[in-house]
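Numbering-wise (numbering that gives the first Met the number 0), the sequence shown opens with residue 0 and increments by one. Glycine included, C-beta positions come from ideal geometry on N, C-alpha and C. Remember, it's a predicted structure, so these values are computed and weren't measured experimentally.
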Amino acid sequence: MPASPWPTPRSVRQASQLHALLTTSGRIAHRPSAEHLLSSLTNTISAPRHLRYVLSLFDRLPHSTTFLFDTALRACLQASAGADHPVLLLRRMRSGGVRTGAFTFHFVFRCCAAGARARAGLCLMLHAACLRTMLPSAAPLVANPLIHMYASMGLTDDARRAFDEIPAKDAVVWATVIGGLVRWGLLDEARRLLVQAPERNVVSWTSLIAGYSRAGRPADAVYCFNCMLSDGVAPDEVAVIGALSACSKLKNLDLGRLLHLLVGQKRIRMTDNLVVALIDMYAKCGDIAQAQAVFDAVGRGQKPEPWNAIIDGYCKLGHVDVARSLFDQMGARDVITFNSMITGYIHSGRLRDALQLFMQMRRHGMRADNFTVVSLLTACASLGALPHGRALHASIEQRIVEEDVYLGTALLDMYMKCGRVDEATAVFHRMGERDVHTWTAMIAGLAFNGMGKDALESFCQMKRDGFQPTSVTYIAVLTACSHSSLLDEGRLHFNEMRSLHKLHPQVEHYGCMIDLLARSGLLDEAMHLVQTMPMQPNAVIWGSILSACRVHKNIDLARHAAEHLLKLAPEEDAVYVQLYNIYIDSRQWADAKRVRMLMEERGVKKTAGYSSITVAGQESAAMATTAAGYGCCLAGLPPFPLLPGILSTRLRREPSPPRVALVASSPKLRAPAPRLRVSCGPRRLASSSGKANSDAVPSPTEATIDIKLPRRSLLVQFTCNACGERTKRLINRVAYERGTIFLQCAGCQVYHKFVDNLGLVVEYDLREENVVQGENVIDTNSED
């Protein structure tokens, strides 16, 4: 194109001004001026809306030349327009008699490769058109885009045929076909082709190294890196990053150190990506001190990537406090920083810190990714932190919940474990797509909340919808049968999983079935199943037998189960406590004393018990502290600020032995809410909602009392140690004033009271009026 007398525009605005000048002066009909205008405009476009301007200008030009068409095709490539516009322009060229050139197909092939939406038939058609019109001398210009187009569409066989047809292949063509094979996972074929190449450059080696590393074959990646060095090819930063990634997966610290030395010897530029790769390698190989040294030397800048790498390294090694210190020193934090820190807290069991950091993240206007939200929902489910779980739910768009099955399932599980079956069911019904894991979470949640029959109905509905149950699904089904004492249904499903679905029961399935038989009093049948199961019973199975022996007064079998338990878990305090309680119940004082002495000899101590109480949306934790067993301290938020002057929690010494574990008292004082008084031996305070099959005081995440204080009633939620059923009971003012309450289990339908050091004791002769159930507890006519 000859030199133009017109200035060269440097923006779309200047190009439009030149367009107006040429139009008003009539110079737009001058072909060199029109070509200059279109070429200048193409050089300045950066968005699809600019492409529309270029094409509209192209349509109004009076001339149609190969250069103008090639310029329009180049504009399509710069605007990432895909294959549609280039194909239409190519058809216009052929129908208008305009000659196609090498640059024409060069741009068409590149547009199709960048758009990645072209059909296989279209690619073959374009290739055929190129072969009909192109001269052999133009082959090098179109060969690389042609191979790249085929490789981008996954047509590796066609890419290989096109490669074989090229008479003179340069290093760029070799690198393109090798990169295409690597992209679609044909790593070994790419490696064989690279060996055949007359000239191997760093691009081909780097592509292969990165491909092996991504495919989970780090040893092959390291081998290729060594071959590259032996071939005399100097590595660049991308090749070193690929090799460092392979070292991280191999946990090969010595090789990683050699690569670090190689960076200095070859004077490879220390970019941010290379710094991150070095820090990540040292952290994953366990040398966090060297990772810190790299960070201190070149990573303490303004960019967040090196900070994120060192924080993530400390978190993955369990040093969350050090990671938090760096987090606080960091200037500009991004979403990845918060996600790494939150994930570190979750993996370290510091779930409350993770939730607090998430709230801080929201205050900064950032949004966690779905993986972190799922981890946080799991934390909320473990803690029973319903308000935080609801806040997480509110931060998620409903559309995302409907589309993301993984996220919706985690949300459903959180509501179920927090006891909000209605909200979990609402999430389940709003999910646009469900899989077998969603149904399994639904069944397990209903079983967890004592709704065994509803869980079995959901299981039947899942099968009607065409989902095949998995082994995990049957664990949830058998758990529902066990917790709801559905003996016949449990036997049916246990046999059905083997005969109908060809699933081999694992130790978890046998554990659920043995627990069901033991709870139902069929201890002989349960022991027969223990003896005939194809694997060795674990501690959970023997724990189920031991708990059932206490309920059904089978001392000999309890001794047998305890012996096996002590072999499997000699330091587990729950075994000693359970056996001690069995001896106490049967008044075998000498045996009970021997258990106590055995605990002292082995240095086994009862785990400190915690109870969390949520009132008015705020939570406190109570813990037994004194050696004598009486006295209480509060961990976390103190109870008094919850309802100032109204709610108090204290423990009082009872005469030997204390008989009442939970007393609700409501003096006739005008106050906005009743006053709650907890009166019990502190050793059993936290166990009022302990796990089934264990009399040991559970850990804080396992033992919670969910107490709500409406104006005229008290809602107490507990788990029965006899049958494992989770029960909620509303106690009214009359029960408060009587001073003693007895709770009826929804599972075994018997009454329970709390006794210090003995846990839940079944009482069969208690008066029913001591427990008030249902909505009748709300007396709307009574005064506050």
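### Query
Leaving out the 5 sequence neighbours to the left and right, which residues in its chain are closer than 7 Å to proline 640 when beta-carbon positions are compared?
Residue placement at proline 640 cannot be trusted, given a pLDDT of 37 that sits under 50; what the coordinates show is reported in the next sentence. Only residues of its own chain outside the window of five on either side were considered, and among them none has a CB closer than 7 Å to the CB of proline 640.
### Query
Are alanine 384 and leucine 354 close, meaning C-beta to C-beta below 8 Å?
Yes, these two residues count as a Cβ contact at 8 Å.
### Task
Select from Lys462, Ser546, Pro536 the residue whose C-alpha is nearest the C-alpha of leucine 567.
Pro536
### Task
Could you check how far apart the C-beta atoms of alanine 525 and isoleucine 544 are, in whole angstroms? I think they sit under 8 Å.
6 Å
### Task
Would you kindly work out how many angstroms separate the C-alpha atoms of phenylalanine 104 and aspartate 295, rounded to a whole number?
51 Å
### Message
Buried or exposed for valine 426, going by 16 or more other Cβ atoms inside 10 Å?
### Response
buried
### Query
With DSSP run on the structure shown, which of helix, strand or coil describes threonine 70?
helix
#### Entry: Pairwise C-alpha distance: tyrosine 575 and cysteine 784
Residue 784 lies beyond the stretch modelled for the chain, which goes from 0 to 783, so this question has no answer here.
### Task
Go through the region 200-264 residue by residue and report every complete run of the alpha helix (DSSP H) that reaches 4 residues or more, in order.
201-213, 217-229, 236-249, 252-264
### Query
Which residues in the same chain as serine 244 place their Cβ atom closer than 7 Å to its Cβ, once the five residues preceding and following it in sequence are excluded?
Ser212, Ala276
### Query
When we look at the beta-carbon of leucine 784 and count the other beta-carbons within 10 Å, is it buried (16 or more) or exposed?
With the chain covering only 0 through 783, there is no way to say anything about residue 784.
### Query
What does a CB cutoff of less than 7 Å around phenylalanine 784 pick up in its chain, not counting 5 residues either side in sequence?
No information on residue 784 is available, as it lies outside the stretch 0 to 783 that the chain covers here.
### Message
Do cysteine 511 and serine 481 count as a contact pair if the criterion is CB distance below 8 Å?
### Response
At a Cβ-Cβ threshold of 8 Å, serine 481 and cysteine 511 count as neighbours.
### Task
For alanine 290, collect the residues of the same chain with a Cβ closer than 7 Å to its Cβ; drop the 5 residues on either side in sequence, then sort them by chain order.
Ile278, Tyr281, Ala282, Ile309, Gly312
### Query
So histidine 508 and leucine 477 are in contact, right, with Cβ under 8 Å, and what is the actual spacing, rounded?
6 Å
### Query
Ordered along the chain, which non-local residues of its own chain (more than five positions away) have a Cβ less than 7 Å from that of valine 594?
Tyr575, Leu578, Tyr579, Tyr582
### Task
Report the residue from Ala557, Phe162, Ala561 whose alpha carbon sits nearest the alpha carbon of serine 585.
Measuring from the Cα of serine 585, the nearest candidate turns out to be Ala557.
### Task
Reducing DSSP to helix, strand and coil, say where glycine 104 ends up.
At residue 104 the sequence reads phenylalanine, which differs from the glycine that was named. Phenylalanine 104: helix per DSSP, three-state reduction.
### Three-way DSSP call (helix, strand, coil) for asparagine 553 in this model
It is coil, neither helix nor strand.
### Query
With 16 as the cutoff for other CB atoms within 10 Å, does threonine 703 come out buried or exposed?
Any reading at threonine 703 must be qualified, since the residue scores a pLDDT of 33, below 50, and its modelled position is unreliable; the value itself is stated next. By the 16-neighbour rule on beta-carbons within 10 angstroms, threonine 703 is buried.
### Query
If we count the other Cβ atoms within 10 Å of its Cβ and call it buried at 16 or more, is glutamate 432 buried or exposed?
Under this definition glutamate 432 is an exposed residue.
### Query
alanine 861 to tyrosine 414, Cα distance in whole Å?
Given that the chain is displayed from residue 0 to residue 783, the structure contains no residue 861 and the question cannot be resolved.
### Message
I'd like the span of the alpha helix (DSSP H) that includes histidine 492, first residue to last.
### Response
486-498
### Message
Just to confirm, is the Cβ distance from serine 394 to arginine 361 under 8 Å?
### Response
Yes, the pair counts as a contact, with Cβ atoms nearer than the cut-off.
### Nearest to glycine 451 (by Cα), restricted to the options Thr270, Leu485, Asp187, Asp327
Leu485
### Query
Are there 16 or more other CB atoms within 10 angstroms of the CB of cysteine 223, so buried, or fewer, so exposed?
Buried, since its Cβ has 16 or more Cβ neighbours within 10 Å.
### Query
Can you name, in chain order, every residue of its own chain whose Cβ lies under 6 Å from the Cβ of alanine 150, other than the five neighbours on each side?
Hits under 6 Å: Ala158, Gly179.
### Message
Please tell me whether threonine 437 and valine 404 are closer than 8 Å, where the distance is taken between their beta carbons.
### Response
yes
### Query
Measuring CA to CA, which of Leu186, Leu410, Lys265 is closest to proline 801?
Outside the modelled stretch of the chain, which goes from 0 to 783, sits residue 801, for which no answer is possible.
### Query
When the distance is taken between beta carbons, is leucine 76 closer than 8 Å to cysteine 110?
yes
### Query
Would histidine 428 be called buried (16 or more neighbouring beta carbons within 10 Å of its own) or exposed?
Exposed is the call here.
### Task
Give a yes or no on whether the C-beta atoms belonging to alanine 479 and alanine 454 are separated by under 8 Å.
Taking 8 Å as the Cβ cut-off, alanine 479 and alanine 454 qualify as a contacting pair.
### Task
To the nearest angstrom, report how far apart aspartate 368 and alanine 331 are at their CA atoms.
18 Å
### Task
Could you tell me which of Met430, Asp271, Arg389 sits nearest to glycine 418, measuring between CA atoms?
The residue from Met430, Asp271, Arg389 with its alpha-carbon nearest to that of glycine 418 is Arg389.
### Message
I need the straight-line Cα distance from glutamate 236 to glutamine 301, nearest angstrom please.
### Response
21 Å
### Cβ-based burial, aspartate 487 [other Cβ within 10 Å; buried from 16]
Answer is exposed; the Cβ neighbour count stays below 16.
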